[in-house]
Amino acid sequence: MDTIRDQAFIKERLGSLKLYTSNLLKILWAIQDEYRYIPQRFIHYLCSQTELTAEAIYSVISFYHYFSLEHRGDNTIYLDTSITAEMSGYKAIRKAFEQQLGIKVGEVSSCMQFGLFETSCMGLADQGPAALINHQAYTNLTPEKVKQVVADLMICQSSTSLPASNIRQSGPIFFQTNKTKSTLKKMFKSTPEQVVEIIKASGLRGRGGAGFPTGTKWEFCRQHEGPRYVFANGDEGEPGTFKDRALLMKSAKTVFLGMMIAGYALQAMRGFLYLRAEYFYLLNDLNKTLNKLRQKGLLGHQILGSNFTFDISIKLGAGAYICGEESALIESAEGKRGEPRNRPPFPVEVGYLGRPTTVNNLETLSNLPSIIARGANWFASLGTTESKGTKLLSIAGDCNKPGVYEVEFGTTVNDILAMVDAKNTQAIQVGGPSGKLINTQELERKICFEDLPTGGAITIFNTSRDILNIVKNYSNFFMEESCGFCVPCRAGNVIINEVLDKIIEGKGVARDLEQIKETAKVIAITSRCGLGQTSGNPIMQSLDKFGHCYQQRISKDMEFISEFDLQESLRKAREGLS
Ligand code: SF4
């Protein structure tokens with residue numbers, strides 16, 4: 037640590053950060069952004085300043101997509117490889133970047149000026165093909181735009197702005213102007229116990245997809261001695277989801293107000309928004325909003341003269357889908373690898389720093405101000421018997437009006453297709469790759485917990501799309517995002533991926549279909565968390581509903597095709613060819 041640059045960096049940047057474990061991701065981000073990688077000397081420095089071992093720091097760096105021990109280029113470019121990006125011209129964009137930069141994906145230019153990489157969904161499925169360059173979003177890319185973007189970067193100019201929030205339809209709950217002060221005043225007229233009862237009476241269920249009753253979750257948490265913590269899960273990583281981006285861009289105050297309501301009900305003093313790394317570009321504005329709330333006395337010590345003291349800070353992820361799982365999110369917030377914990381104990385009992393913690397989806401929290409302001413009965417009058425209120429949907433793919441829509445629970449898929457002007461639809465993925473794939477015989481099915489629950493993603497595929505390519509893209513995603521802890525999830529998803537390659541290449545046989553079904557079943561029943569348990573869904577559901585797409589590709593009368601070249605198949609998989 038003897039260069040002038042290192043010393044200045046330590047003094048100015050690290051000096052302002054508290055060097056303890058739960059801050060590790062923030063510290064590593066500061067180093068990664070300054071040097072474009074994590075130099076070994078900083079790992080030794082951190083070891084000398086904290087209780088962390090070098091092994092522990094290396095294991096954290098290796099876990100997250102955006103940290104690297106090797107230089108990622110002064111301009112680090114990440115291309116979105118999600119299925120919607122593929123559908124909107126990803127390959128041409130990748131080629132354009134490679135041509136303009138003279139490097140391939142995964143490489144850094146010789147002068148270190150550019151690094152070109154891929155990443156899975158970056159929350160921009162409605163405006164792809166997209167890229168993140170030095171944390172900024174570049175949307176609706178074309179090969180011509182790429183040329184301009186690279187030319188600008190070469191002369192150190194950046195022509196980016198925030199992506200569009202793309203809110204196409206808001207309803208009675210979201211994107212309203214919630215009056216923070218009057219909502220808090222109204223809340224303070226009820227005791228924390230009464231607020232829990234109000235939320236229970238409203239019937240609000242978690243919007244992450246599983247639908248656990250919010251009030252009941254809080255009640256469980258309150259049974260355990262404090263201090264308690266509130267987390268807003270802003271790690272929407274399910275490919276095809278982007279509604280939290282819109283909430284954070286247009287309704288950040290409502291999100292924070294929701295966290296305050298949860299904090300009051302739980303008698304917590306601290307709340308954290310866990311923000312996915314792909315939304316780094318929102319960080320400044322979010323911090324400004326928090327500061328304004330503090331200045332107005334709406335956040336911090338004894339809010340509005342009450343006995344309620346509560347503050348919120350933001351924890352930034354570093355690129356790991358699995359951190360959307362609540363216990364993995366907590367591990368990550370503690371500065372560790374975001375691996376899911378064994379449960380029980382559940383986070384409501386042993387959560388952040390070993391304390392009772394609730395992790396609520398950001399959308400779930402955004403419902404709370406309306407419930408407090410307008411009452412539980414009003415909220416419960418919306419929706420269906422078991423799904424109260426409305427749902428935010430991120431709709432993308434083959435339709436003319438992709439974007440964010442608020443719909444009442446109970447809305448049919450048919451209504452949604454009409455709403456977004458979708459034509460010649462072949463299939464709809466409800467809830468991202470781990471959700472449900474439905475066909476056109478199921479268009480009267482309803483968006484609700486009783487029928488089609490969803491965290492929010494709806495991806496539409498028209499008849500020109502190859503179902504096997506879609507499944508392959510989802511399979512790539514699960515293979516990449518498996519944290520590797522469970523062998524069936526780690527190895528099984530690779531096996532599924534290889535067999536899919538074989539079938540897509542026309543070298544599959546009937547036995548292969550049996551093999552991927554069996555593998556998907558084993559992964560589902562032996563995996564520790566939701567990722568593994570649902571990673572076989574695209575295979576199982578496409579085989580069930582679009583079996584003919586597989587049958588057309590396999591040789592039914594052969595047991596084995598000797599010329600199948602596994603190595604070649606893997607090479608192509610690595611290159612992302614389909
Ligand atoms: Fe990790 Fe997969 Fe196991 Fe989940 S199921 S803990 S993602 S290996």
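Residues in the sequence shown are numbered from 37 upward in steps of one, following our numbering. Quick reminder that beta carbons are idealized off the backbone N, C-alpha and C, glycines included.
To the nearest angstrom, report how far apart Asp-162 and Gln-43 are at their CA atoms.
-> Translated into the one-based positions of the sequence shown, residue 162 becomes position 126. Translated into the one-based positions of the sequence shown, residue 43 becomes position 7. Approximately 43 Å between the Cα atoms of the pair.
Pull up the distance between the alpha-carbon of Val-144 and that of Arg-108, whole angstroms please.
-> Taking the sequence shown and counting its residues from 1, one reaches residue 144 at position 108. Taking the sequence shown and counting its residues from 1, one reaches residue 108 at position 72. In this structure, the CA atom of Val-144 is about 6 Å from the CA atom of Arg-108.
For Glu-681, the nearest candidate out of Ala-166, Gln-303, Phe-278 and Gly-341 (CA to CA) | Nothing in the structure corresponds to residue 681, since the chain is present only between 37 and 614.
Rounded separation between Arg-243 and Gly-491 - CA only | Here the question's residue 243 lines up with position 207 in the sequence shown. Here the question's residue 491 lines up with position 455 in the sequence shown. In a straight line, the C-alpha of Arg-243 is about 6 Å away from that of Gly-491.
Are the C-beta atoms of Arg-501 and some chain D residue less than 8 Å apart?
-> Considering every chain present, this structure includes no chain D. It has just one protein chain.
Ignore the nearest five residues each way along the sequence and tell me which others in Asn-378's own chain have a CB closer than 8 Å to its CB.
-> Stepping through the sequence shown from its first residue, residue 378 is reached at position 342. Arg-564.
If we call anything under 8 Å between Cβ atoms a contact, is Leu-389 one with Glu-375?
-> Stepping through the sequence shown from its first residue, residue 389 is reached at position 353. Stepping through the sequence shown from its first residue, residue 375 is reached at position 339. No, Cβ-Cβ distance for Leu-389 and Glu-375 is not below 8 Å.
Tell me, which residues are paired with Asn-323 by DSSP?
-> Counting from 1 along the sequence shown, the entry for residue 323 is found at position 287. Per DSSP, Asn-323 has no beta-bridge partner at all.
Straight-line CA distance for Gln-588 to Gln-462?
-> Working through the sequence shown from its first residue, we reach residue 588 at position 552. Working through the sequence shown from its first residue, we reach residue 462 at position 426. Cα-Cα distance, rounded: 17 Å.
Ordered along the chain, which non-local residues of its own chain (more than five positions away) have a Cβ less than 6 Å from that of Ile-63?
-> As a position in the sequence shown, residue 63 is number 27, starting the count at 1. Listed in chain order, the non-local C-beta contacts of Ile-63 below 6 Å within the same chain comprise Leu-53, local neighbours out to five positions each way being set aside.
Leu-504 vs Ile-539 beta-carbon contact at 8 Å = In the sequence shown, residue 504 corresponds to position 468, counting from 1. In the sequence shown, residue 539 corresponds to position 503, counting from 1. Cβ distance < 8 Å, so Leu-504 and Ile-539 count as in contact.
Between the beta-carbon of Gly-572 and the beta-carbon of Ala-556, is there less than 8 Å?
-> Working through the sequence shown from its first residue, we reach residue 572 at position 536. Working through the sequence shown from its first residue, we reach residue 556 at position 520. Yes, the Cβ-Cβ distance between Gly-572 and Ala-556 is below 8 Å.
Residues that Ile-113 bridges to, as DSSP identifies them | Counting from 1 along the sequence shown, the entry for residue 113 is found at position 77. In the DSSP assignment, Ile-113 forms a beta bridge with Leu-152 and Ile-169.
Quick one: what does DSSP say Thr-213 is sitting in, helix, strand or coil?
-> Here residue 213 corresponds to residue number 177 of the sequence shown, with the count starting at 1. In the three-state scheme derived from DSSP, where H, G and I count as helix and E and B as strand, Thr-213 is classed as coil.
Which residues in the same chain as Lys-299 place their Cβ atom closer than 6 Å to its Cβ, once the five residues preceding and following it in sequence are excluded?
-> Taking the sequence shown and counting its residues from 1, one reaches residue 299 at position 263. According to the sequence provided, residue 299 is Gly. The question's Lys does not apply to it. Contacts found: Val-266, Gly-307 and Phe-346.
Cβ-Cβ distance between Thr-615 and Glu-444 below 8 Å = The structure shown does not extend to residue 615, since the chain spans only 37 to 614, so no value can be given for it.
Is Phe-99 near ligand 1, with its Cβ less than 7 Å from a heavy atom?
-> Counted from its first residue, the sequence shown places residue 99 at position 63. No, the beta carbon of Phe-99 sits no closer than 7 Å to any heavy atom of ligand 1.
How should Thr-39 be labelled, buried or exposed, when 16 other C-beta atoms within 10 angstroms of its C-beta is the threshold for buried?
-> Taking the sequence shown and counting its residues from 1, one reaches residue 39 at position 3. By the 10 Å Cβ count, Thr-39 comes out exposed.
Under the criterion of a Cβ to heavy atom distance below 7 Å, does Ser-518 qualify as lining ligand 1?
-> By one-based count along the sequence shown, residue 518 stands at place 482. Set against 7 Å, the gap from the CB of Ser-518 to the closest heavy atom of ligand 1 is smaller.
Give, in chain order, every unbroken run of the alpha helix (DSSP H) that is at least 4 residues long and sits entirely within the region 389-461.
-> Listed in chain order, they are 398-410, 412-416 and 449-455.
Return yes when the C-beta of Gly-492 is under 7 Å from any heavy atom of ligand 2, and no when it is not.
-> The model depicted lacks ligand 2 and carries ligand 1 instead.
If we ignore side chains and look at the alpha-carbon of each, how far apart do Glu-362 and Leu-579 end up?
-> Your numbering for residue 362 matches position 326 in the sequence shown. Your numbering for residue 579 matches position 543 in the sequence shown. For Glu-362 and Leu-579, the distance between alpha carbons rounds to 31 Å.
If you measure from the CB of Phe-521, is any heavy atom of ligand 1 nearer than 7 Å?
-> As a first step, residue 521 is located in the sequence shown; it is residue number 485 there, counting from the start. Indeed, a heavy atom of ligand 1 lies less than 7 Å from the Cβ.
Any idea which residues DSSP pairs Gln-205 with across the strands?
-> Stepping through the sequence shown from its first residue, residue 205 is reached at position 169. For Gln-205, which the question treats as bridged, DSSP gives the partners Tyr-441.
Which value, in whole angstroms, describes the spacing of the CA atoms of His-337 and Asn-529?
-> Here residue 337 refers to the residue found at position 301 when the sequence shown is read from its first residue. Here residue 529 refers to the residue found at position 493 when the sequence shown is read from its first residue. One C-alpha to the other measures close to 49 Å.
Proximity below 8 Å, CB of Thr-66 to CB of Arg-49 = Position 30 of the sequence shown, counted from the first residue, corresponds to residue 66. Position 13 of the sequence shown, counted from the first residue, corresponds to residue 49. First, the residue type needs correcting, since residue 66 is Ala and not Thr in the sequence shown. Contact: yes.
What do you reckon, is the C-beta of Ser-368 under 7 Å from a heavy atom of ligand 1?
-> Mapped onto the sequence shown, residue 368 falls at position 332. For ligand 1, not one heavy atom lies less than 7 Å from the Cβ of Ser-368.
Met-305 to Pro-263, Cα distance in whole Å?
-> Position 269 of the sequence shown, counting from 1, holds the residue named residue 305. Position 227 of the sequence shown, counting from 1, holds the residue named residue 263. Those two C-alpha atoms are separated by around 7 Å.
Range of the contiguous beta strand (DSSP E) that encloses Phe-344 = For the purposes of this step, residue 344 is taken as the residue at position 308 of the sequence shown. In the DSSP annotation of this structure, Phe-344 is not part of any beta strand (DSSP E), being labelled neither H nor E.
Apart from the five residues just before and just after Ile-531, which ones in its own chain have a Cβ nearer than 7 Å to its Cβ?
-> Taking the first residue of the sequence shown as position 1, residue 531 is located at position 495. Only Thr-555 meet the Cβ criterion.
Taking buried to mean at least 16 other C-beta atoms within 10 Å of its own C-beta, is Asp-321 buried or exposed?
-> The residue given as residue 321 occupies position 285 in the sequence shown. Answer is exposed; the Cβ neighbour count stays below 16.
Contact under 8 Å by Cβ, Cys-435 with Ala-458 = For the purposes of this step, residue 435 is taken as residue 399 along the sequence shown, with counting starting at 1. For the purposes of this step, residue 458 is taken as residue 422 along the sequence shown, with counting starting at 1. Taking C-beta atoms as the reference points, Cys-435 and Ala-458 count as a pair closer than 8 Å.
Assign Arg-547 to buried or exposed, taking buried as 16 or more other Cβ atoms, counted over all protein chains shown, within 10 Å of its Cβ.
-> Taking the sequence shown and counting its residues from 1, one reaches residue 547 at position 511. It is exposed - the Cβ of Arg-547 has fewer than 16 other Cβ atoms within 10 Å.
Leaving out five residues before and five after Leu-318 in sequence, what residues of the same chain have Cβ atoms less than 6 Å from its Cβ?
-> Start at 1 with the first residue of the sequence shown, and residue 318 comes out as number 282. Same-chain partners within the cutoff: Leu-284.
Work out the CA separation of Arg-312 and Asp-271 for me, nearest whole Å.
-> As a position in the sequence shown, residue 271 is number 235, starting the count at 1. As a position in the sequence shown, residue 312 is number 276, starting the count at 1. Approximately 5 Å, taken between the alpha carbons.
Locate the beta strand (DSSP E) running through Asn-509, then write down its first and last residues.
-> Taking the first residue of the sequence shown as 1, we reach residue 509 at position 473. Premise fails: Asn-509 lies in the alpha helix (DSSP H), 503-517, not in any beta strand (DSSP E).
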